[in-house]
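Some notes on the structure that comes next.
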Amino acid sequence: NAGVTQTPKFQVLKTGQSMTLQCAQDMNHEYMSWYRQDPGMGLRLIHYSVGAGITDQGEVPNGYNVSRSTTEDFPLRLLSAAPSQTSVYFCASSSSPGPWDEQFFGPGTRLTVL
Amino acid sequence: SQQGEEDPQALSIQEGENATMNCSYKTSINNLQWYRQNSGRGLVHLILIRSNEREKHSGRLRVTLDTSKKSSSLLITASRAADTASYFCATGNAGGTSYGKLTFGQGTILTVHP
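In the order they appear, the protein sequences are chains A and B.
Heads up: the first sequence is residues 1299 to 1412, going by my numbering.
Heads up: the second sequence is residues 82 to 195, going by my numbering.
Rendered as C-alpha cells:
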C-alpha cells in the first residue's frame, strides 16, 4: 500500500492564483482531513470528511474548498491564493468515521504564496 | 483555538536520559493521541489513549491520562539521538461543535544529544 500520498511536494503561487492540492489514500479509509502547519502554531484543521459526499469545516476553512466524490481522494482547492496561506499542508486519513483512531499522514505539500 | 497545550515548548537532554512532555486540554475528549514529527516530514502516530484509560505503554513510551485534570504526559525512557523530533498531542472530541475534529497542540521540540 502507498498509504496517503500528496501532490505536489512543493508549489509557489502568485497572489490571486488558484490551485488544487491532491490527496489520495489506498486504505479504504472513511475519514480524511486537511491541516495546515505554521511555525509555532502546531497543526490546524482546515476541512474534514467522514465519508464520500460528506465534508465539514474545521478550525480555519476560509479561502479553501474541498469535495469528496470518492473514498480515495480528498482534494483541497485554494480559490484565490493569499500570502497568509503560505504554509505546509498535510492530509490525513483514518479507518474510523471520525478522529477516534490512528491518523495516517501524508508527506505534506510546502506552499509559498508570493 | 488550540485544544491541547504542551509543555515544555522545547526540551534538551542527553542520550540515555528520560524525556517527559505534558499536554493539557480544555474540553471533554474521546481519546488523546501522541504523534512524532521529524524535521520536514509528516506526522507519525505513536500511541492513543482513550478517555476511560489511565496509562498505556508502547516500547519505551509511557502515556498517562488524567481526565479530572484534563492533562496527559508522554514519557520516553532511555532516550536516543534518533528520538530527536517534535512531539504533538491531539485530542479527539466526541460531541458538540468539536465532533469529528482532531485538535493538535503546538508541540514540544525534543533534542537528544549523543
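From the three backbone atoms N, C-alpha and C, an ideal C-beta is built for every residue, glycine too.
In terms of beta-carbon proximity, Trp-1332 (chain A) stays away from the interface with chain B, with every pair separated by 8 Å or more. The alpha-carbon of Ala-1380 (chain A) is positioned some 11 Å away from that of Tyr-1362 (chain A). In terms of beta-carbon proximity, Gly-123 (chain B) lines the interface with chain A, with at least one pair separated by less than 8 Å.
Three or more beta-carbon pairs drawn from the region 1310-1328 of chain A and the region 1387-1395 of chain A are found closer than 8 Å, and the two stretches are therefore classed as touching. For Gly-1349 (chain A) and Ser-1394 (chain A), the gap between their C-alpha atoms comes out near 10 Å. Using a CB distance cut-off of 8 Å, Gly-186 (chain B) counts as an interface residue toward chain A. Taking the CA atoms as reference points, Ser-1367 (chain A) sits about 43 Å from Thr-101 (chain B).
Listed along chain B are Arg-122, Gly-123, each with a C-beta nearer than 8 Å to that of Pro-1405 (chain A).
Per the DSSP secondary-structure output, Glu-87 (chain B) pairs in a beta bridge with B:Cys-104. Look at the beta carbons and you see the region 117-127 of chain B not touching the region 86-106 of chain B: under three pairs across the two are nearer than 8 Å. Judged by DSSP in its simplified three-state form, Ala-1300 (chain A) adopts coil rather than helix or strand. Leaving aside the five residues that flank Leu-183 (chain B) on each side, the residues in its chain whose CB is nearer than 6 Å to its CB run, in chain order, Ala-171, Gly-173.
Its chain contains Leu-1409 as the residues whose beta carbon lies nearer than 6 Å to that of Gln-1309 (chain A), once the 5 sequence neighbours on both sides are disregarded; these appear in chain order. As summarised for the region 1330-1376 of chain A, the continuous beta strand (DSSP E) elements at least 3 residues long and confined to that stretch are 1340-1349, 1352-1355, 1362-1364, 1374-1376, given in chain order. The three-state secondary structure of Asp-164 (chain B), taken from DSSP, is helix.
Within the DSSP secondary-structure output, Lys-150 (chain B) pairs in no beta bridge. Of the other Cβ atoms in all chains shown, 16 or more fall within 10 Å of the Cβ of Thr-189 (chain B); this residue is therefore buried. One alpha carbon belongs to Ala-166 (chain B), the other to Trp-1332 (chain A), and they sit about 22 Å apart. Separation of Leu-92 (chain B) and Pro-195 (chain B) (C-alpha to C-alpha, rounded to the nearest whole angstrom) is 14 Å. As far as DSSP is concerned, Met-1325 (chain A) takes part in no beta bridge. Bounds of the beta strand (DSSP E) holding Asn-112 (chain B) are 112-118. By the rule that beta-carbons nearer than 8 Å mark a contact, Asn-103 (chain B) does not touch chain A. Thr-1353 (chain A) and Ile-1344 (chain A) have their alpha carbons spaced roughly 11 Å apart. Separation of Thr-1305 (chain A) and Leu-1374 (chain A) (C-alpha to C-alpha, rounded to the nearest whole angstrom) is 11 Å.
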